[in-house]
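>
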Amino acid sequence: MENAIGILLTIGSLVFMLGLGYFVGGWRERSHIQDLDRRESGNGDFVITQVKTAMDVSVNGPPPTLLIGEAVIASDYLKTFLASLRNLFGGEVRSYRTLMERARREALQRIVEQARQAGYNAVCNVRMQAADVGGSNVAGKKAMVMAAILVSATAYRREG
Amino acid sequence: MIVVNTETVPGFVVVAVKGMVQGNTVRAKHAGRDIAAGFKNLVGGELKGYTELLTESRRQAVERMMAQAQQLGANAIVNVRFTTSAVTAGAAELYAYGTAVVLQEPPA
């Protein structure tokens, strides 16, 4: 009897956490992507390039400056669970792809917003980098799944 | 001080190179933030505490780099790069490095 209750509790908490990931995590992801779509549509003629030298620089604009954007987005329980299943069979881990994409878009959008606020209308030399805050590369520790992205770019005023 | 991650600065010419400057920092958040992040891992979403952690570390690393450039008598840092490394879970090492130079506006 006691054993049965234990098994029921284990399964119950697993189902609860998967449900939490499905409903709350899914809702948070959808609203984040909607928010990103909305903010990105307001960028207008802002130009983002990743060439090393700024193009069409305006002569009377403010001096160019370095801008950095960070975003750390956590995985939810369902995503982590699906990824561990995927790890058994191999193939594309779709649940993590959207996670990385959200972190990159968020970090880049933060740069664009900073640049516009400071009166710039273009950034060049965009560099993206993943940081390991969750400790996936640290031996002997169960890591948290998250996407930590650091983006740097040079903001300048573009002609025309 | 002008800090950029491009090799040149539009509207300026490099008149002297002062050498590489660097700054680094390892920062961690208090345990409460780590526990909160653990819960966030169930429901997904942005980990504001860790975003803050990256922002603070990056600021500190850049400040240290700029202090070094100032000491060398430079007025700008070009070609700035960042790297991060994993020291332990919940902490971030941020390393910023660039080339300290003296910039001047070209004679019209």
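Chains A and B, in that order, give the protein sequences.
Heads up: the first sequence begins at 1056 in our numbering, then just goes up one per residue.
Heads up: the second sequence begins at 794 in our numbering, then just goes up one per residue.
Where is the CB? At the ideal position from N, CA and C, for every residue including glycine.
None of the values given here were measured: they were computed from a predicted structure.
1) Between the region 1099-1110 of chain A and the region 1170-1184 of chain A, are three or more C-beta pairs nearer than 8 angstroms?
2) Please check the pair Met1201 (chain A) and Ala1129 (chain A), which I expect to be a contact at CB under 8 angstroms, by giving their CB distance rounded to whole angstroms.
3) For the region 1126-1206 of chain A, which segments carrying the alpha helix (DSSP H) assignment without a break, of at least 4 residues, lie completely within its bounds, in sequence order?
4) Quick check: what's the CA-CA separation for Ala1198 (chain A) versus Leu1075 (chain A)?
5) Pro1119 (chain A) to Arg852 (chain B), Cα distance in whole Å?
6) Decide yes or no for the touch test of the region 1164-1173 of chain A against the region 1143-1156 of chain A: beta carbon pairs closer than 8 angstroms, at least 3 of them.
7) In whole angstroms, what is the alpha-carbon distance linking Val819 (chain B) and Lys811 (chain B)?
8) With 8 angstroms set as the bound, which would you pick, yes or no: does the beta-carbon of Thr1209 (chain A) sit closer than that to a beta-carbon of chain B?
9) Any Cβ of chain A within less than 8 angstroms of the Cβ of Leu865 (chain B)?
10) Rank B:Phe805, B:Gly838 and B:Thr877 by C-alpha distance to the C-alpha of Pro899 (chain B) and give the top, closest one.
11) What does Ile1128 (chain A) touch in chain B if you count any residue whose Cβ is under 8 angstroms from its own?
12) Tell me which residues share the same chain as Lys822 (chain B) and place their Cβ nearer than 6 angstroms to its Cβ, disregarding the 5 neighbours each side in the sequence.
13) With Ala829 (chain B) as the anchor, note down where its alpha helix (DSSP H) starts and where it stops.
14) Residues in the region 844-856 of chain B with C-beta within 7 angstroms of chain A's C-beta atoms, listed in sequence order?
15) Which residue wins for smallest C-alpha separation from Ala882 (chain B), given the options A:Ala1203, A:Trp1082, A:Ser1150 and A:Val1079?
16) Between which two residues does the beta strand (DSSP E) containing Leu887 (chain B) stretch?
17) Under three-state DSSP, which class holds Arg820 (chain B)?
18) Taking DSSP's pairing of strands, which residues face Thr1120 (chain A) in a bridge?
19) List the residues of chain A that Thr799 (chain B) touches, going by C-beta distances under 7 angstroms, in chain order.
20) Out of curiosity, what's the CA-to-CA distance linking Asn834 (chain B) and Ser1086 (chain A)?
21) Tell me which same chain residues have a C-beta within less than 7 angstroms of the C-beta of Ala893 (chain B), skipping the five on either side of it?
22) Do Leu1122 (chain A) and Ala1208 (chain A) have their CB atoms nearer than 8 angstroms?
23) Taking Gly838 (chain B) as the reference, which of A:Arg1159, A:Arg1160 and A:Glu1084 has the closest Cα?
This is what the structure gives:
1) With the cut-off at 8 angstroms, the region 1099-1110 of chain A and the region 1170-1184 of chain A touch.
2) Indeed, because the Cβ distance is near 5 angstroms, the residues count as touching under 8 angstroms.
3) The region 1126-1206 of chain A contains these whole alpha helix (DSSP H) runs: 1132-1144 and 1149-1172.
4) Approximately 20 angstroms, taken between the alpha carbons.
5) Rounded to the nearest angstrom, the two C-alpha atoms are 18 angstroms apart.
6) Not touching, per the Cβ criterion.
7) So the two alpha carbons sit approximately 26 angstroms from each other.
8) Yes, Thr1209 (chain A) lies at the interface with chain B (some Cβ there is under 8 angstroms from its Cβ).
9) No, because no Cβ of chain A sits closer than 8 angstroms to the Cβ of Leu865 (chain B).
10) Nearest option by C-alpha distance: B:Phe805.
11) Those within 8 angstroms of Ile1128 (chain A) in chain B are Gly837, Gly838, Glu839 and Leu840.
12) Closer than 6 angstroms at Cβ, skipping near neighbours: Gly842 and Leu846.
13) Looking at the DSSP string, the run of the alpha helix (DSSP H) that includes Ala829 (chain B) is Ala824 to Val836.
14) Result list: Thr844, Leu846, Leu847, Thr848 and Arg851.
15) Of the listed residues, the one whose Cα sits closest to Ala882 (chain B) is A:Ala1203.
16) From DSSP, the beta strand (DSSP E) with Leu887 (chain B) extends over Ala884 to Gln897.
17) In this structure, Arg820 (chain B) counts as strand in the three-state DSSP scheme.
18) In the DSSP assignment, Thr1120 (chain A) is bridged to A:Ala1210.
19) What Thr799 (chain B) touches in chain A, judged by beta-carbon distance under 7 angstroms, is Lys1107, Thr1108, Ala1109, Cys1179, Asn1180 and Thr1209, going in chain order.
20) Counting only the Cα atoms, Ser1086 (chain A) lies some 17 angstroms from Asn834 (chain B).
21) Excluding sequence neighbours, Ala893 (chain B) sits near Lys811, Gly812, Val814, Ala862, Leu865, Ala867 and Ile870.
22) Taking C-beta atoms as the reference points, Leu1122 (chain A) and Ala1208 (chain A) count as a pair closer than 8 angstroms.
23) Among A:Arg1159, A:Arg1160 and A:Glu1084, the Cα nearest to that of Gly838 (chain B) is on A:Glu1084.
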